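Before any comments, here is the structure.
2 protein chains.
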Amino acid sequence: MKLAVYQFAPRFGEKKENLERVRGAVSGLECDLLVLPELTLTGYQFTSREELAGLAEPVPDGWTCAALSEMAAGLGCHIICGLAEDAGERYFNSAVLVGPGGLVGTYRKAHLFCEEKSWFTPGDSGFNVFDAGDVRVGMIICFDWLFPEAARILTLRGAQVIAHPANLVLPWCQKIALARAWENRVFFVTVNRTGAEQRGTLGRLEFTGQSQVVTPDGEILFRLGEDEEALKVVEFDPADANDKMATEYNDVLGDRRTELYGPLVE
Amino acid sequence: MKLAVYQFAPRFGEKKENLERVRGAVSGLECDLLVLPELTLTGYQFTSREELAGLAEPVPDGWTCAALSEMAAGLGCHIICGLAEDAGERYFNSAVLVGPGGLVGTYRKAHLFCEEKSWFTPGDSGFNVFDAGDVRVGMIICFDWLFPEAARILTLRGAQVIAHPANLVLPWCQKIALARAWENRVFFVTVNRTGAEQRGTLGRLEFTGQSQVVTPDGEILFRLGEDEEALKVVEFDPADANDKMATEYNDVLGDRRTELYGPLVE
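Read top to bottom, the protein sequences are chains A and B.
Position one of the first sequence corresponds to residue 3 (my numbering), numbered consecutively onward.
Position one of the second sequence corresponds to residue 3 (my numbering), numbered consecutively onward.
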């Protein structure tokens with residue numbers, strides 16, 4: 003498959019301008035799956051629930067979903083994009099998978115970071131896997147990376163590719179992504195934004211870029227720069243993630259000792 | 003606390019000689035906890051169940067446990083050491099925690115690596131935490147590192163230090179240990195052996211050394227060389243592992259969404 007990621011610095015609140023940035027970047031793109039960052043069109047650092055309410059949209063009936071579906075139809079591909087979801091009285095930090103035919107699946111961020119807890123509701127979707135064409139894809143968002151449970155469940159449910167839209171400000175994820183890829187033997191695709199935002203009480207947030215794809219064998223297929231704005235396309239065979247053998251004797255899923263794992267859900 | 007690790011190359015089957023190596027190395031040592039590798043006194047690569055039966059010992063009534071208890075009493079410390087456990091009809095790749103008063107706790111390796119599956123029984127102890135003096139310690143062994151479930155459960159049960167006796171031959175653990183330490187905010191202590199063994203059908207096994215201690219903040223306090231034989235002592239405050247806040251808003255345990263984690267135990 004051909005997977006594309008677009009790393010850039012959206013401008014807070016300028017959804018139309020940010021969409022035009024994406025549209026311009028992906029014009030003529032040939033790929034099977036395009037992954038965009040967390041909260042791609044709104045920007046990240048909300049300062050109130052009211053501000054979030056003004057920028058969030060229903061899924062799939064909002065403007066952003068319609069624009070993404072149109073883009074997917076035009077490019078003939080699937081797109082994963084982070085967005086602020088208005089679910090009526092509740093707002094989720096979500097990611098959608100859209101194809102040429104419209105919405106395929108939604109993921110609502112389970113593990114909220116910092117002040118997100120003040121405006122967003124913790125995701126209730128659980129960790130589900132969807133078909134993006136011939137590829138089985140799961141989604142997690144940004145801080146979910148820290149919780150091995152998330153990527154593990156997606157792997158158990160058959161994800162070959164874990165798409166990870168992010169607005170990372172800490173320096174750890176890009177290193178620890180190796181763990182998520184290798185312990186699950188999946189493709190782990192982190193798509194981070196660049197730039198900075200200075201809004202609200204948290205001070206200046208500097209996003210760390212370095213979007214990357216790690217293979218089931220722990221190979222980093224590419225890692226973009228910290229400040230680089232770029233569309234990157236990479237080709238790999240998602241079926242490589244079907245081989246769960248870490249050694250001739252060891253299946254990373256089959257060797258799990260679920261009868262000993264009860265404390266994980268207590 | 004003062005934590006010591008001893009990295010060396012035991013000689014297969016030579017339990018007394020290997021014990022003398024350890025004794026000589028730790029003579030006069032001042033520490034609270036000494037961690038030794040997996041299968042410290044027997045060596046690693048058994049070639050038959052009969053060979054294992056000839057080297058394995060009951061716990062706590064075997065020669066190795068007695069020798070370790072005597073060493074712990076002499077040094078006035080606790081010791082964690084990997085050994086081959088004879089449990090009558092079943093053999094476990096185990097680790098024991100002994101103090102000046104004798105056995106404190108046993109861990110039986112849950113996730114067996116390669117040909118270990120031919121001789122050892124998968125561990126049935128689960129993942130338990132023990133008091134080593136004032137420190138709450140959990141044990142995992144070698145290949146367990148790949149399964150985030152193991153270190154996670156020990157953390158949930160209050161481990162401040164995860165001791166990880168190992169005979170590593172793959173190049174991944176020492177990198178991915180950063181994930182285990184940071185995702186759980188614990189001290190993660192890998193004690194690997196050096197040298198090589200060429201026995202049985204797997205060919206030459208080269209152990210990768212690089213014993214290390216990673217802090218809850220992701221700092222590598224030290225990493226020994228690949229071939230270095232060394233006793234290393236390091237000092238840290240295990241209470242640093244009590245702070246589970248990754249940010250002012252984020253508790254790495256409290257933020258877990260157990261209601262979504264059911265698939266982990268299915």
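Glycine residues also receive a C-beta, built at the ideal position from the N, C-alpha and C atoms.
Computed from a predicted model, the values in this text were never measured in an experiment.
With a threshold of 16 other beta carbon atoms within 10 Å, A:Glu59 meets it and is buried. Nearest CB-CB separation between B:Arg138 and chain A: not below the 9 Å threshold. Beyond the five residues adjoining it in sequence on each side, B:Glu40 comes within less than 6 Å, by CB distance, of Gly84, Ile143, Cys144, Pro167, Ala168, Asn169 in the same chain, given in chain order. Contacts with chain B at 9 Å (Cβ-Cβ) include A:Cys116. When A:Gly202, A:Val98, A:Tyr251 are compared, the shortest CA-CA separation from B:Leu114 is found for A:Tyr251. Counting only Cβ-Cβ distances below 7 Å, B:Pro102 has no contacts in chain A at all, with the closest Cβ about 30 Å away. Not one beta carbon of chain A lies nearer than 9 Å to the beta carbon of B:Glu40. For the stretch 238 to 260 of chain B, the set of residues with a beta-carbon nearer than 9 Å to any beta-carbon of chain A comprises Ala248, Thr249, Glu250, Tyr251, Asn252, Val254, Asp257, Arg258, Arg259, Thr260, in chain order.
Under the rule that a run must span 3 or more residues, the beta strand (DSSP E) segments found entirely inside the stretch 89 to 121 of chain B read 93 to 101, 104 to 110.
Think of a sphere of 8 Å around the beta carbon of A:Gly30: no beta carbon from chain B falls inside it, the nearest being about 38 Å out. Residues of chain B with a Cβ closer than 8 Å to the Cβ of A:Tyr263 are, in chain order, Glu151, Ile155, Leu266, Val267. Per DSSP, A:Pro167 lies in no alpha helix (DSSP H) segment; the continuous beta strand (DSSP E) that holds it begins and ends at 163 to 167.
Counting of Cβ neighbours within 10 angstroms places A:Arg92 among the exposed residues, the total staying below 16. Inside the stretch 138 to 210 of chain B, DSSP marks whole alpha helix (DSSP H) runs of 4 or more residues at positions 150 to 158, 175 to 186, from first to last along the chain. Nearest CB-CB separation between A:Phe145 and chain B: below the 9 Å threshold. Nearest CB-CB separation between B:Gly45 and chain A: not below the 9 Å threshold.
The closest CA to that of A:Ile164, considering only A:Ala89, A:Leu266, A:Ala97, is found on A:Ala97. Distance from B:Leu57 to B:Ala89 at the Cβ level is roughly 14 Å; contact not present, criterion being Cβ atoms closer than 8 Å. When C-beta atoms of the stretch 189 to 207 of chain A are compared with those of the stretch 58 to 77 of chain A, fewer than three pairs fall below 8 Å, so the two segments do not count as touching.
According to the DSSP assignment, B:Leu38 belongs to no alpha helix (DSSP H), since it is labelled neither H nor E. Identification of residues in the stretch 166 to 183 of chain A having a C-beta nearer than 7 Å to some C-beta of chain B yields Trp174, Lys177, Ile178, Leu180, Ala181, given in sequence order. Within the stretch 215 to 255 of chain A, the complete beta strand (DSSP E) runs of at least 3 residues fall at 222 to 225, 232 to 237, 247 to 249.
For A:Leu54, the nearest beta carbon of chain B is not closer than 9 Å to its own beta carbon. At least one C-beta of chain B is nearer than 9 Å to the C-beta of A:Gly220. DSSP places A:Val7 within a strand segment (E or B) once states are collapsed to three.
Residues of chain A with a Cβ closer than 7 Å to the Cβ of B:Leu158 are, in chain order, Pro265.
C-alpha of A:Ser71 to C-alpha of A:Val131: approximately 19 Å in a straight line. For B:Leu148, the neighbours in chain A by C-beta distance under 7 Å run, in chain order, Glu185, Ala248, Val254. With contacts defined by Cβ atoms closer than 9 Å, A:Ala11 and A:Thr192 do not form a contacting pair. Taken through DSSP and simplified to helix, strand or coil, B:Leu85 comes out as strand. Straight through space, the alpha carbons of B:Gly107 and B:Gly160 are spaced by roughly 15 Å.
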